[in-house]
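Worksheet: the structure to be examined is printed underneath.
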Amino acid sequence: MNKPLRRIAIFCGLLVLTLLIRDNWLQYVKADSLASDDDNRRVAIARYSTPRGDIIVDGKSITGSKETSGTDLKYKRTWKDGPMWSPVTGYASQVVGATQIESIEDGILTGNDDRLFFRNTLDMITGKKKEGGNVVTTLNARAQKAAYDGLKNRGKGAVAAIEPSTGKILALASTPSYDPSSFAGNSNDDGATFSKLDKDKDKPLLNRALRETYPPGSTFKLVTAAAALESGDYDPDKKTQTPLPWTMPGTTTPLKNEGNIPCENATLRVALKVSCNTVFGKIGSDLGNEKMVDEAEKFGFNKEQFVPVRSNASNFDDDMNPSQTALSSIGQYNTAATPLQMAMVASAVANDGKLMKPYMIDELKASNLDTIEKTEPEELSQPLSEDNAQKLQSMMETVVNDPGGTGSNAKIPGAIVGGKTGTAQHGVDNSEKPYAWFVSYAKTSSGTPVAVAVVVEDSDASRQDISGGGLAAPIAKSVMEAVINSK
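Spelled out as structure tokens, the structure:
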């Protein structure tokens, strides 16, 4: 072979080798990333070629699929009572993608999860069409409806309810809400609907139960009371050394109480019942920042929670002076909490001091109803001893049952209810309407079925009528009753 031909042959050989390398790179190294690339139209066509699996509550599906026309995406997602359930499910939209459970468990719902490989292989052999699996939640439909109905007439707000003994989330509501069915397709109208919701100043797409942190106000006094009891220096019915007025350390500013209430040297029980800022502010300052941080973190503060949807980390600063610690110990200054976090606080107290990890997916099932994965309850921490938890339960029950207690609107006949109200300052110099909180639990003879946190962020009520006991406690009561009556 002469020299020019040899050069051409070598060049052609290199071209073939390059093509082989490129082909193997695409088919093996890049296969997974290309298969999941959002710009790969085949991925979308395959995802929406069959009905999506369902999300299940109380044995019934709250989702479905609808056949479409005029598009190569054959099926789109539907929801029953979408605005009520969207804080739980999230959305699955052909135009903007998916969030929350619809996103996290997309593999199960579409049938593409690796754990369904053998099931899918068997279906291929038998000629059966691939089907998505189901996500079985821990939610209680009656509790969710009570939470949503209670909130939707109150403007903005959220509810989180937990089964203390297991950590199962029973309700997770947020208002204002949205209907995920309204933008589940890929038309221009779907895109416009989502854009309008996304730009809405009231943030209907925001899951306030998990993703919004609020100053918890006086509901945080439960954490401060737990720290006080755990220190061994306080007893529910012994007077504290709390002067009135009490000036915060390093300042000339007295910490004020709301109204003319009996806070001078008040016992922990009385201070919780009437919500004394001076008593709990002084306790936090006396215990010190380190001990308060330690107790708050045992309840879950300063750490994101995954249920499995991510919940924002609630905050209790670890570098504060005594006066800042005092303010933080009554739920102000930089203290901030999600409704889920405050439900966790009530849950731990109600469960004799043991905090269970919150979760809202009970099982993952294949289309033939075989269980693929089941969640087992898991202990997260022990914020307080059984003895101290029972002391704090007694104090919380005083808030609801005793004359002058701020939580009387949460009483339930035939049940033992403990609670704590909160009215948290909002805006510069408390210039905006405050947030109304109520944190509670209900016990029956069969155990402790539910712990609830409610926050009402905005209301048509006049400023002087906004209170945790007045606005939030009735919603908590209806949620607790729904759980009790469904047992």
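Numbering of the sequence shown is given in my numbering, commencing with residue 573 and proceeding in unit increments. Ideal Cβ placement from N, Cα and C applies to all residues, glycine included.
Item	Value
Ranges of the alpha helix (DSSP H) found wholly within the segment 870-914, counting only runs of at least 4	894-900
Beta carbon of G856 nearer than 8 Å to that of A918	no
Run of the alpha helix (DSSP H) containing G722, from where it starts to where it stops	A713 to K724
Nearest-angstrom beta carbon gap, V668 and F766 [assumed within contact, 8 Å]	5 Å
Inter-residue Cα distance where the pair is D1037 and G979	Only weak support exists for where D1037 lies, its pLDDT of 37 falling under 50; the coordinates are left without a value.
Buried versus exposed call for I593 [16 or more other C-beta atoms within 10 Å across all chains shown]	exposed
Spatial distance of S621 from A756 (CA atoms)	15 Å
Secondary structure of V971, DSSP reduced to three states	helix
Proximity below 8 Å, CB of G705 to CB of G683	yes
Close-in-space but distant-in-sequence residues of the same chain around S754 (CB under 7 Å, 5 per side omitted)	T765
Best match in L964, G1019 and K1015 for proximity to K992 [C-alpha to C-alpha]	L964
6 Å CB neighbourhood of A868 in its chain, flanking five on each side removed	V795 and F888
Buried versus exposed, by CB contacts within 10 Å (16 or more), D934	buried
Assumed close pair L777, E784 - CB separation to whole angstroms, cut-off 8 Å	Contact flag wrong, Cβ pair sits at about 12 Å.
Contact check, L827 vs T850, beta carbons under 8 Å	yes
Run of the alpha helix (DSSP H) containing I582, from where it starts to where it stops	K575 to N596
For S939 and G727, believed in contact at Cβ under 8 Å, the rounded distance	G727 to S939, Cβ: 41 Å. No contact.
N-terminal and C-terminal residue of the alpha helix (DSSP H) that L769 is part of	N760 to K771
The segment 733-746 touching the segment 645-652, judged by at least three CB pairs closer than 8 Å	no
For G872, the nearest candidate out of L927, E950 and G976 (CA to CA)	L927
Terminal residues of the beta strand (DSSP E) in which R649 lies	Y647 to W651
Same chain, Cβ closer than 6 Å to A1025, five either side skipped, listed in chain order	A732, P911, M914, A915 and V1011
Whether S749 touches S658 by CB criterion (8 Å)	yes
Host beta strand (DSSP E) of E735 (start-end)	No beta strand (DSSP E) contains E735, which DSSP labels as neither H nor E.
Residue from T824, D807 and Q904 whose Cα sits closest to the Cα of P787	Q904
Exposed unless 16 or more other CB atoms sit within 10 angstroms - verdict on Q813	exposed
Span separating the alpha-carbon of S1003 from that of A996	A caution first: S1003 carries a pLDDT of 46, below 50, which makes its placement in the model too unreliable to give a value.
C-beta neighbour in chain C for G903, strict 8 Å	Structure shown: chain C not included; a single protein chain is present.
Where S665 sits in the DSSP three-state scheme	strand
For K771 and M656, the rounded distance between their alpha carbons	21 Å
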